[in-house]
Amino acid sequence: MSRGVVFAVVKNQAGVARAMRRLRRMGISNRYIELLTEIPYPPTLIGGEVSDTRLPWFTAAGLIGGLLTGLFLAVGTLLLYPLIVGSQAILSPPVVVIVYEITILGLVVMTFVGFVYENRIRRDPLRDWVVPANVDGHVLVVQVPPDMVESRVREALLEEGARILPVEEPERTRPEDDALVIEREAQ
Amino acid sequence: MARLPNWARLPRYSRGPTRGLGHDPVPEAERPLVRQGHGEEFGPGSVLEVQDAVADGRIEDVPPTEQELEEMDAALDGVVLRSMTRIGPGYLLLALVLGFGTLSLFGAWLYQIFQGIGVAGINRPVFWGFYITSFVFWIGVSHSGTLISAILRVLNVEWRRPLTRGAEAMTLFSLMVGALFPLIHLGRVWKFYFMIPYPNVRELWPNFHSALVWDLVAILTYMTSSALFLFMPMIPDMATARDRTTGIRRRVYGVLALGWRGSQQQWHRLHLAMKVYTIVIIPVAVSVHSIVSWDFAMTTNEGWHSTIFAPYFVIGAIYSGVAALITVLIFVRRGLGLQEYITKFHFDRLGLILLAVSVIWFYMFFAQVLTNWYGGNPVDRELEELHIFGAMAPLWWFMVAVNVFLPFFTLWFKRVRRSLPAMVVITVLINMGMWIERYLIVVGSNVRNHLPFDWGDYTPGIPEIIIAGATFAMFAFLYVALSKALPFVSLWEVKEGWRLDKWRTQGISEEETESVEEPQPAAPLPSTSEAGEAAT
Chain W
605 MSRGVVFAVV KNQAGVARAM RRLRRMGISN RYIELLTEIP YPPTLIGGEV
655 SDTRLPWFTA AGLIGGLLTG LFLAVGTLLL YPLIVGSQAI LSPPVVVIVY
705 EITILGLVVM TFVGFVYENR IRRDPLRDWV VPANVDGHVL VVQVPPDMVE
755 SRVREALLEE GARILPVEEP ERTRPEDDAL VIEREAQ
Chain D
430 MARLPNWARL PRYSRGPTRG LGHDPVPEAE RPLVRQGHGE EFGPGSVLEV
480 QDAVADGRIE DVPPTEQELE EMDAALDGVV LRSMTRIGPG YLLLALVLGF
530 GTLSLFGAWL YQIFQGIGVA GINRPVFWGF YITSFVFWIG VSHSGTLISA
580 ILRVLNVEWR RPLTRGAEAM TLFSLMVGAL FPLIHLGRVW KFYFMIPYPN
630 VRELWPNFHS ALVWDLVAIL TYMTSSALFL FMPMIPDMAT ARDRTTGIRR
680 RVYGVLALGW RGSQQQWHRL HLAMKVYTIV IIPVAVSVHS IVSWDFAMTT
730 NEGWHSTIFA PYFVIGAIYS GVAALITVLI FVRRGLGLQE YITKFHFDRL
780 GLILLAVSVI WFYMFFAQVL TNWYGGNPVD RELEELHIFG AMAPLWWFMV
830 AVNVFLPFFT LWFKRVRRSL PAMVVITVLI NMGMWIERYL IVVGSNVRNH
880 LPFDWGDYTP GIPEIIIAGA TFAMFAFLYV ALSKALPFVS LWEVKEGWRL
930 DKWRTQGISE EETESVEEPQ PAAPLPSTSE AGEAAT
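Structure, rendered in structure tokens:
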């Protein structure tokens, strides 16, 4: 049983535009639709920028965390454990090099952590559905809103030339999704 | 005006093995470039003639159809994924030879560890020899892959698309090779942990004022950034590989794909992350080679203590890196059968970049030599005389010949830049010259240092020669081994480039856009469990 989700395959970008337009007219917003493609599509083709991401926060956290770590290592340790050598300052400007490199390291690593978090860990109801691989076209995953009948969505998409796929439960599919499924079931 | 068939000019970077061929490219000879009866004829392999003709307005630019794009996508997937899965006897033999070369490196290193650093030729007054020369060389080679890729991305240069993956991989592999040398040079490699900052009972921390500690941190940052810069845009291609392979490969690519589905949100995040990396990696790359140069410039040795050293090293690194990139791409193109995607057009453009960089490098080199010479410091003079007229003169003149005159008198010519054998010879010679340049800098200022009573000579030991030579085998081995694991052309970026090219030349029709305004949601999005309960 599909449990309120419709998988539709559309052939090309014109098909995507037609289907999206129809779904919008039915009152289904972007939040309920996920378009899966092999290449990124310009926002104009899909009705606006998709901007729901916390990635910049991770990047900013990495920047600040890296800066603090760099300052601790390059300045803090020198002050906490001073190495007194005649005619040389305990602390001098060249430590900027270390602070800079570690700041960048923090930024780079945390951006990646944020990306993994958003793709793998962050809860997203539409992501729980596993799309069959190698379908010939672009896949639209539509979460049918509670106030709408699923068959209406199917019919509308069929009228726009889409092909409806059977919905595959996540439990039966790829092993790499197991962790996600187990986590969802536990909740 | 002649009309080109769509597929003939399609990707600016290739002719594309399209035409109803499923996944098998049609031999070049069977693909005429112009429709019958349209007058103008182009022979096989004349992609550049076609591009020139389009630019001159002699033939019409016809964008591809949706159907042709899909055929090209399938062909690209076929070529790249097939190159990852087919292992022939030639490949095995090459991997075996290079693997043996790599083993010889570790064998020689083990011998040195057991016998002591005395088996190497480094001794007073030359404490930095082949190892540090190779270190500087490989860090230099690493410089260009990521830097070129990032700069081309920032400038949105379309022809970069099939090249970036190979360039980024070159950075990572050469960094892996280069980072070995400080360890090898340590002699007592187990003392390496002295460099790592950690709380310890001796209350001793690394000296963060030391340029050698800067090196460690900079290389760590650069290696991490380069690895992620290579990996992030590979994630969608890992998902493609996951969906088209079976068994253990599918499981491995599944893990590496990080749950990629190709949703527009994921694309948005990827673009955002790549924007961050692209902007950040450029100053990181510049800082790394600047810091390598400061290993030298922070001393008071003649020939090293120079304010120009950082930019001089950076431009030298870009120079040797671009040359290495061209060499590597020529072999990768041939070895993985990517002739349709990495074309002579790319080598023409890279050749122009190489020419420009060679001129800038010459300017820096000349400024350095002139300043040393004109300053009149006796040790500086002695050092320059050693280079130009003394025992090092054959090396110095060879370096000048291949790094200054060779590119200048060859790369101006389009015919040379598009001749792959010529480009292999030129770029290999340039890198030989760049290795020698590093040798002259590192060893020269040691044998003629600022204490004349301590002048001497240097002869490398056998382990040094083996290790320095075997690093080339190791670099090639990493490429050969991982070419069967990683897609060496960025599939999605090339496909995206084709679409963008089409949209740019043809425009986006109203039919293809979604212009209805976003409706306000009537109710909050239910969780999956709620939806499931409702359905059951």
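Chains as they are written, first to last, in this note's numbering: chain W, 605 to 791; chain D, 430 to 965. Cβ coordinates follow ideal geometry from the N, Cα and C atoms, glycine included.
(request) Run down chain W in chain order and give the residues with a C-beta less than 8 Å from the C-beta of residue 769/D. (result) The sequence position of residue 769/D within the second sequence is 340, counting from 1. In chain W, no part has a C-beta under 8 Å from the C-beta of residue 769/D; the shortest such distance is about 19 Å.
(request) Taking C-beta pairs closer than 9 Å, name the residues in chain D that residue 763/W reaches, listed in chain order. (result) Here residue 763/W corresponds to residue number 159 of the first sequence, with the count starting at 1. The premise fails here: residue 763/W is roughly 16 Å from chain D at the closest Cβ pair, so nothing lies under 9 Å.
(request) Could you tell me which chain D residues have their CB closer than 9 Å to the CB of residue 696/W, listed as they occur along the chain? (result) Taking the first sequence and counting its residues from 1, one reaches residue 696/W at position 92. 638, listed in chain order.
(request) Give me the Cα-Cα distance between residue 792/W and residue 630/D, rounded to the nearest whole angstrom. (result) Since the first residue shown for chain W is 605 and the last is 791, residue 792/W is missing from the structure and cannot be characterised.
(request) Show which residues of chain D have a CB atom less than 8 Å away from the CB atom of residue 724/W. (result) As a position in the first sequence, residue 724/W is number 120, starting the count at 1. Against chain D, the beta carbon of residue 724/W has neighbours under 8 Å at 687 and 688, listed in chain order.
(request) Look at the alpha carbon of residue 893/D and the alpha carbon of residue 901/D, and state the distance between them as a whole number of angstroms. (result) Working through the second sequence from its first residue, we reach residue 893/D at position 464. Working through the second sequence from its first residue, we reach residue 901/D at position 472. A straight-line Cα-Cα distance of about 13 Å links residue 893/D and residue 901/D.
(request) List the residues of chain D whose Cβ lies closer than 8 Å to the Cβ of residue 704/W, in chain order. (result) For the purposes of this step, residue 704/W is taken as the residue at position 100 of the first sequence. What residue 704/W touches in chain D: 716.
(message) Comparing C-alpha positions only, which one of 717/W, 638/W and 678/W sits nearest to residue 661/W?
(response) Numbered from its first residue, the first sequence carries residue 661/W at position 57. Among 717/W, 638/W and 678/W, the Cα nearest to that of residue 661/W belongs to 717/W.
(message) Could you check whether the segment 654-673 of chain D touches the segment 613-624 of chain W, counting it as contact only if at least three pairs of C-beta atoms, one from each stretch, sit closer than 8 Å?
(response) no
(message) Could you tell me which whole beta strand (DSSP E) segments of length 3 or greater appear in the segment 697-765 of chain D?
(response) none
(message) For chain W, check one thing: does any of its Cβ atoms lie closer than 8 Å to the Cβ of residue 519/D?
(response) Working through the second sequence from its first residue, we reach residue 519/D at position 90. Not one chain W Cβ lies under 8 Å of residue 519/D.
(request) Enumerate in chain order the residues of its own chain whose CB-to-CB distance from residue 523/D is below 7 Å, with the five nearest sequence positions on each side excluded. (result) Residue 523/D sits at position 94 when you count from the first residue of the second sequence. Short of 7 Å from the beta carbon of residue 523/D, and not among the five residues preceding or following it, lie these beta carbons of its own chain, in chain order: 909.
(request) Determine the direct distance from the alpha carbon of residue 727/D to that of residue 873/D, and round the result to whole angstroms. (result) Here residue 873/D refers to the residue found at position 444 when the second sequence is read from its first residue. Here residue 727/D refers to the residue found at position 298 when the second sequence is read from its first residue. Each residue's alpha carbon lies about 17 Å from the other.
(request) Check the Cβ of residue 691/D against every Cβ in chain W and list those closer than 7 Å, keeping chain order. (result) Translated into positions along the second sequence, residue 691/D becomes position 262. In chain order: 640, 641 and 642.
(request) Compare the beta carbon distance of residue 708/W and residue 650/D with 8 Å and say whether it is the shorter of the two. (result) Sequence index remark: in the first sequence, residue 708/W carries index 104 (1-based). Sequence index remark: in the second sequence, residue 650/D carries index 221 (1-based). Against a cut-off of 8 Å, the Cβ pair of residue 650/D and residue 708/W comes out as a contact.
(message) Among 609/W, 620/W and 608/W, whose alpha-carbon lies nearest the alpha-carbon of residue 763/W?
(response) The residue you call residue 763/W lines up with position 159 of the first sequence. Among 609/W, 620/W and 608/W, the Cα nearest to that of residue 763/W is on 620/W.
(message) Between which residues of its own chain and residue 573/W is the CB-CB distance below 8 Å, once the five residues before and five after are set aside?
(response) This structure does not reach residue 573/W, given that chain W is present from 605 up to 791, and the question cannot be answered.
(message) Please classify residue 928/D as buried or exposed, where buried requires at least 16 other C-beta atoms within 10 Å of its C-beta.
(response) Here the question's residue 928/D lines up with position 499 in the second sequence. Answer is buried; the Cβ neighbour count reaches 16.
(request) Using 10 angstroms around the beta-carbon of residue 843/D, count the other beta-carbons present and answer buried if the total reaches 16, otherwise exposed. (result) Taking the first residue of the second sequence as 1, we reach residue 843/D at position 414. Exposed is the call here.
(request) Specify, as a first and last residue, the run of the alpha helix (DSSP H) that residue 496/D falls within. (result) In the second sequence, counting from the first residue as 1, residue 496/D sits at position 67. That run of the alpha helix (DSSP H) goes 495-514.
(request) Give the interface partners of residue 706/D over in chain W, defined as CB-CB distance under 8 Å, in chain order. (result) Here residue 706/D is taken as the residue at index 277 of the second sequence, counted from 1. 712 and 715, listed in chain order.
(request) Report the residue from 923/D, 890/D, 859/D and 514/D whose alpha carbon sits nearest the alpha carbon of residue 678/D. (result) The residue labelled residue 678/D in the question sits at position 249 within the second sequence. Comparing Cα positions, the closest option is 514/D.
(message) For the segment 543-557 of chain D, list every residue whose C-beta sits within 7 Å of some C-beta in chain W, in sequence order.
(response) Of all residues in the segment 543-557 of chain D, none comes within less than 7 Å of chain W when Cβ atoms are compared.
(request) Look at the alpha carbon of residue 746/D and the alpha carbon of residue 883/D, and state the distance between them as a whole number of angstroms. (result) By one-based count along the second sequence, residue 746/D stands at place 317. By one-based count along the second sequence, residue 883/D stands at place 454. Using only the alpha carbons, I get a separation of about 31 Å.
(message) Using C-beta distances below 7 Å, list every residue in its chain close to residue 459/D, excluding the 5 sequence neighbours before and after it, in chain order.
(response) Taking the first residue of the second sequence as position 1, residue 459/D is located at position 30. Low confidence applies to residue 459/D: its pLDDT is 45, below 50, so where it sits in the model is not reliable enough to give any reading.
(request) Give a yes or no on whether the C-beta atoms belonging to residue 578/D and residue 751/D are separated by under 8 Å. (result) Residue numbering aside, residue 578/D sits at position 149 when the second sequence is read from its first letter. Residue numbering aside, residue 751/D sits at position 322 when the second sequence is read from its first letter. Against a cut-off of 8 Å, the Cβ pair of residue 751/D and residue 578/D comes out as no contact.
(message) Mapping the DSSP letters down to three states, classify residue 616/W as helix, strand or coil.
(response) The residue labelled residue 616/W in the question sits at position 12 within the first sequence. DSSP, read as helix, strand or coil, puts residue 616/W in coil.
(request) Please look up how many angstroms separate the CB atoms of residue 642/W and residue 691/D, rounded, as I've assumed it's under 8 Å. (result) What you label residue 642/W is simply residue 38 of the first sequence in a count that begins at 1. What you label residue 691/D is simply residue 262 of the second sequence in a count that begins at 1. Residue 642/W to residue 691/D, Cβ: 6 Å. Contact.
(message) Cβ closer than 7 Å: which chain W residues qualify as neighbours of residue 700/D?
(response) In the second sequence, residue 700/D corresponds to position 271, counting from 1. Those are 644, listed as they occur along chain W.
(request) For residue 700/D, count neighbouring C-beta atoms within 10 Å of its own C-beta (all shown protein chains included) and say buried if the count is 16 or more, exposed if not. (result) As a first step, residue 700/D must be located in the second sequence, where it is residue number 271. It counts as exposed.
(message) I'd like to know if residue 743/D contacts chain W, where contact means its C-beta is closer than 8 Å to some C-beta of that chain.
(response) Start at 1 with the first residue of the second sequence, and residue 743/D comes out as number 314. For residue 743/D, the answer is no, since every Cβ of chain W falls outside 8 Å of its Cβ.
(message) Under 7 Å: does the beta carbon of residue 717/W sit that close to some heavy atom of the ligand ZN?
(response) Although the ligand ZN was asked about, the structure shown includes no ligands whatsoever.
(message) So for residue 471/D, helix, strand or coil by DSSP?
(response) In the second sequence, residue 471/D corresponds to position 42, counting from 1. In this prediction, residue 471/D scores a pLDDT of 45, lower than 50, which makes its location untrustworthy; the coordinate-derived value is nonetheless stated afterwards. In this structure, residue 471/D counts as coil in the three-state DSSP scheme.
(message) Against chain D, with Cβ distances strictly below 8 Å, would residue 612/W count as a contact?
(response) The residue given as residue 612/W occupies position 8 in the first sequence. No, no contact with chain D.
(message) Within 8 Å of any Cβ in chain A, is that where the Cβ of residue 685/W sits?
(response) Among the protein chains of the structure shown, namely W and D, there is no chain A.
(message) Check for me: the alpha helix (DSSP H) holding residue 692/W runs from which residue to which?
(response) As a position in the first sequence, residue 692/W is number 88, starting the count at 1. Where residue 692/W is concerned, there is no enclosing alpha helix (DSSP H), given that its DSSP letter is neither H nor E.
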